[in-house]
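First the structure, in the form of structure tokens, and then the observations on it.
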Amino acid sequence: MLHIVKNYTGDVLNFETAAELAAMDDVRVESVVVDDDVAVQDSLYTAGRRGVAGTVVVEKCAGAAAERGDDLDAVAAVARHVNDVTRSMGLALGSGTVPHAGEPSFTLGDDEVELGIGIHGEPGRERIAMAPADELVDRVLGPVLDDLDAPAGSQLLLLVNGMGGTPQSELYIVYRRAAEVLTDRGHHVARSLVGDYVTSLEMPGFSITVTVLDEELTALWDAPVETPALRWGR
């Protein structure tokens, strides 16, 4: 059994407990902790980086590896490799509202943007002034690329993820600018995905995920898939 766990303290603890219970039934478990968010090193919910939309890429490639017949160790190795070559960061124009709380997790002025938000309503690393879309994309994508440090000419997967309250048309505006920046830096956007995949209730905002692809990861990403969120190749 493979556990793919976003790096939030509660998630990690619960999956550790689940692995212990599985071991009692002689079920072997490998755990891969996803920590693709470059926004913060530690937060209210984590020790270390958070796991965010890069989890989609990890799960897709690991699932394809399992589908082709890889054993548990090999599938876990694929998942860890994807995590190693994936970085993400997001921003919000407002907060989501957790139902039991009944009020927004944080508040923003009409001219403010929260940079580096997580997916559980936790605030980001910096509050900045509202700016044109291209400038906001640059503020998000810059730290992602600086941390990823991809070699010039890299084949990249670009995922623009909606946080739950952003129209698809606006996500494509984000994608246009992000793809432009990557191309200008000498990279090739070989694969892309745009939509709501890892969300925070009705939060208006987006995140950008970049994965450095190699031949194997490209094949795993392209492998046929049929799930509620992803479906192609069948």
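First residue of the sequence shown: 5, per my numbering; consecutive thereafter. C-beta: ideal position from N, C-alpha, C; glycine also. Just so you know, these numbers come straight off a predicted model, no measurement behind them.
State the CB to CB distance for the pair residue i and residue j, rounded to an integer number of angstroms; the pair is presumed to be in contact (CB under 8 Å).
i, j, result
"V37", "V60", "With 8 Å as the limit, V37 and V60 do not qualify as a contact, their Cβ atoms being about 15 Å apart."
"E130", "A96", "Not confirmed; about 12 Å, so no contact."
"A133", "D115", "6 Å"
"G168", "T111", "Wrong, their Cβ atoms sit about 17 Å apart, outside the cutoff."
"D40", "T90", "5 Å"
"L149", "H192", "The Cβ separation is near 14 Å, so there is no contact."
"V144", "G94", "7 Å"
"A51", "T13", "6 Å"
Could you check which residue in the options has the C-alpha nearest to that of residue i?
i, options, result
"K10", "Q45, D30 and V56", "V56"
"D151", "E139, A43 and A26", "A43"
"E26", "M5, T13, Y12 and G14", "A small fix is needed here, since residue 26 is Ala in this sequence, not Glu. Looking at the Cα atoms, M5 is the closest of the given residues."
"A105", "G94, D77, G125 and A23", "G125"
"D226", "A194, A23, F210 and R189", "A194"
"T213", "H7, V62, G52 and T13", "V62"
"V183", "D200, T215 and G209", "The sequence shown places Ala at residue 183, not Val. Checking every option, the nearest Cα to that of A183 belongs to T215."
"G166", "E220, Y12, G98 and P208", "P208"
"T231", "L175, Y201 and G58", "Y201"
CB-CB under 8 Å to residue i, same chain, minus the five flanking residues each way: which ones, in chain order?
i, result
"Y179", "L162, V164, S196 and V198"
"C65", "V82, A83, V86, L221, L224 and W225"
"G237", "D226, A227, P228 and V229"
Flag residue i as yes when its Cβ comes closer than 7 Å to any non-hydrogen atom of the ligand COA, and as no otherwise.
i, result
"N18", "Absent from the structure shown: the ligand COA. Ligands present: none."
Considering only residues of the same chain and omitting the five flanking positions on each side of residue i, which have a CB-CB separation below 6 Å?
i, result
"L205", "G100 and G168"
Identify, in the order they occur along the chain, each residue of the same chain with its Cβ nearer than 7 Å to the Cβ of residue i, setting aside the five sequence neighbours on each side.
i, result
"P147", "V42 and M93"
"S35", "H7, V9, F19 and A23"
"A80", "L6, E34 and V36"
"L234", "K64"
Look up residue i in the DSSP assignment and give the residues it is bridged to.
i, result
"T90", "T215"
"D41", "S92"
"I8", "V36"
Contained alpha helix (DSSP H) runs [length at least 4] in the segment 101-168, N- to C-terminal order: 137-152
Alpha helix (DSSP H) segments (min. 4 residues) lying fully within the segment 186-237: 219-226
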